[in-house]
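Everything on this sheet refers to the single structure shown next.
Chains as they are written, first to last, in my numbering: chain A, 219 to 454; chain B, 1224 to 1625.
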């Protein structure tokens, strides 16, 4: 797994269609290297979310291959894919990332409850889970300790998105997938959020797949891929 | 463990609607348990009211009717038994003891029973328990009375107090037998039977009331009488003999047998009540299903978040089913609480009115069984939204459909 020659994500000859509908995705090849920060640009309805679902192992590709960290997802059973996702991939969505009835701290710690590997990673640092969460939140500009016990409803949209990033990063999953995480933020909050996100991913060596329709953000990333260009369904 | 905690927190987060669902189940559970408790306690109460009596004899009417008015003081006799006939039966060689019962008078809403000292010697209730005095002694002559525990408590009577009895069973407005006061010489211990609500006097006192001073105090008739036999085996024979009595139309019943007849009649009503209560529980559980399915759409986002942090579909299913189970469990707990609260409130009223004690003892096996059944049914009902959620998660992927 630690072999850096193996790409973080490798997609090959992938085709996907929802049952009874025409195909939405047909991708010849897409690779994301370890530690790379990729901007995946696509308009809504271009199959972005479907692609992310496939990468996360929530959806199953019937044709083609998706390898995450060298692991072909199609070789795993559904439960194994769920476990694999929990251990290796963090997710941040557009909005409403947090469970309204859990405190900020419990929201951040949630992935550890579902993945023993991420739990073990936190334990190996010798720092308590709470301290680790606090550390991540502080790095994302949420240093105020009183935030930990608040509920998400008491936070601003931008604060909520940063809490979501802390949750996605706790236990250091090698891959972080962010689906339009800035679209609910205003311009100032957007650039602040992006800088924090990119900085944290670099610091942890996390592979980042950042999906957005907003091309103005693309300059901050290592590489830009347009879904329209690689998806043969959309171009036809 | 995390799932259970999430279930509790999620329920708490939606406590408004959850509370209504819990109340719906609670009321239905309380109703079903209430029907069961009242049925059992009434049966026990009735069965415990008279014990050790082989036969009850009265003028010919229906057996259930005779049992109700003679022992439970419910309803009225249509005819009397002559003293002569009573004396003859009492003198029968097989008869060990008799208790004459003369009803038809009242004192401030409580029935007056004319009888003899044999009542205190031979009347048994519960598991062959004899009557005992909380204070004083048995009556001796026409001017004395012995009160049941509830009479003394409700009216605040004490030993030495004198009271006036009235003819008939109305409230005060009927002829009072003025000038024939009786003095309280004894108060009985509480029995949890209609005895508690009875004012006991001698047969002579009843005669004196009706005949006026100076008349002969030999009673002419009584309402009914209780018979104890030397040998229980003879009961059928004696019963037949009495039922075929030439001089007077009599009816002899065995209390246990007649009580069974009564339950057979009442049983149909009980079954109907059980069926209704059962359907109400079913409706309560349907309410749970409705609430779960309604909340499911609002919770698609919540479920997608859980999926994204690594929850498997099985986790989601367990989450929804444990939420349903917890809701059902809370419903049962609140329902049992409602029932016992209701009993605590209603039991004294029932005891005052009918002299039947509703025990409502603790949490019994039936309550436990119902609790387990309702919780299991709730978990099963939770399987419906769990299945829907499972299908949704597969169809939604990780998309948060807002």
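Beta carbons: idealized from backbone N, C-alpha and C, even for Gly. As the structure is a computational prediction, the values presented were derived from the model and not from experiment.
Taking CB distances under 7 Å as the criterion, tell me whether residue i reaches chain A.
| i | result |
| --- | --- |
| residue 1233 of chain B | yes |
| residue 1225 of chain B | yes |
| residue 1528 of chain B | yes |
| residue 1615 of chain B | no |
| residue 1271 of chain B | no |
| residue 1263 of chain B | no |
| residue 1531 of chain B | yes |
| residue 1236 of chain B | yes |
Does the CB of residue i have a neighbour CB from chain B at under 7 Å?
| i | result |
| --- | --- |
| residue 297 of chain A | yes |
| residue 304 of chain A | yes |
| residue 300 of chain A | yes |
| residue 234 of chain A | no |
| residue 257 of chain A | no |
| residue 411 of chain A | no |
Taking only three categories from DSSP, how would you classify residue i?
| i | result |
| --- | --- |
| residue 253 of chain A | coil |
| residue 286 of chain A | strand |
| residue 315 of chain A | coil |
| residue 428 of chain A | strand |
| residue 401 of chain A | coil |
| residue 343 of chain A | coil |
| residue 1244 of chain B | helix |
| residue 1306 of chain B | helix |
| residue 1345 of chain B | helix |
| residue 1451 of chain B | strand |
| residue 1551 of chain B | helix |
| residue 1315 of chain B | coil |
| residue 1630 of chain B | Because chain B here runs from 1224 to 1625, residue 1630 of chain B falls outside it and cannot be looked at. |
| residue 1468 of chain B | coil |
| residue 335 of chain A | helix |
| residue 236 of chain A | coil |
| residue 1572 of chain B | helix |
| residue 1546 of chain B | helix |
| residue 392 of chain A | coil |
| residue 1396 of chain B | Low local confidence applies: a pLDDT of 49 at residue 1396 of chain B is under 50, so the model's placement there is unreliable, and no value is given. |
| residue 1323 of chain B | strand |
| residue 1414 of chain B | coil |
| residue 1446 of chain B | coil |
Check each candidate in the options and name the one with the smallest Cα separation from residue i.
| i | options | result |
| --- | --- | --- |
| residue 392 of chain A | A:420, A:313, A:316, A:377 | A:420 |
| residue 1611 of chain B | B:1555, B:1308, B:1540 | B:1540 |
| residue 1256 of chain B | B:1600, B:1601, B:1591 | B:1591 |
| residue 1407 of chain B | B:1427, B:1417, B:1424, B:1384 | B:1384 |
| residue 1253 of chain B | B:1434, B:1565, B:1558 | B:1558 |
| residue 1375 of chain B | B:1421, B:1351, B:1299 | B:1421 |
| residue 1509 of chain B | B:1472, B:1547, B:1493 | B:1547 |
| residue 1328 of chain B | B:1556, B:1310, B:1424 | B:1424 |
| residue 1359 of chain B | B:1343, B:1473, B:1516, B:1277 | B:1343 |
| residue 1419 of chain B | B:1348, B:1484, B:1477 | B:1348 |
| residue 1603 of chain B | B:1545, B:1572, B:1556 | B:1545 |
| residue 1609 of chain B | B:1297, B:1491, B:1523, B:1387 | B:1523 |
| residue 255 of chain A | A:399, A:394, A:447, A:431 | A:394 |
| residue 367 of chain A | A:447, A:408, A:397, A:352 | A:352 |
| residue 1249 of chain B | B:1561, B:1566, B:1605 | B:1561 |
| residue 282 of chain A | A:329, A:292, A:275, A:239 | A:292 |
| residue 1335 of chain B | B:1263, B:1362, B:1429 | B:1429 |
Residue i and residue j: beta carbons closer than 7 Å?
| i | j | result |
| --- | --- | --- |
| residue 1514 of chain B | residue 1244 of chain B | yes |
| residue 439 of chain A | residue 257 of chain A | yes |
| residue 425 of chain A | residue 250 of chain A | yes |
| residue 286 of chain A | residue 272 of chain A | no |
| residue 1298 of chain B | residue 1290 of chain B | no |
| residue 1478 of chain B | residue 1276 of chain B | yes |
| residue 1555 of chain B | residue 1597 of chain B | yes |
| residue 1473 of chain B | residue 1317 of chain B | no |
| residue 397 of chain A | residue 302 of chain A | no |
Would you say residue i touches the ligand GTP, meaning its beta carbon is less than 6 Å from a heavy atom?
| i | result |
| --- | --- |
| residue 1415 of chain B | This structure lacks the ligand GTP, and indeed carries no ligand of any kind. |
In the segment 1533-1547 of chain B, which residues sit with their C-beta less than 9 Å from some C-beta in chain A, listed in chain order? Correct list: 1533, 1534, 1535, 1536, 1537, 1538.
Beta carbons nearer than 9 Å to chain B: which residues of the segment 424-442 of chain A have them? none
Members of the segment 1494-1523 of chain B that neighbour chain A once the beta carbon cut-off is set at 7 Å: none
Taking any Cβ of chain B, which residues in the segment 312-331 of chain A have a Cβ under 8 Å from it, in chain order? 312, 313, 314, 315, 316, 317, 318, 319, 320, 328, 329, 331
Output, in sequence order along the chain, the residues in the segment 331-343 of chain A whose CB is closer than 7 Å to any CB in chain B. Listed in sequence order: 331, 332, 333.
Against chain B, which members of the segment 275-286 of chain A pass a CB distance test of less than 7 Å? 276, 277
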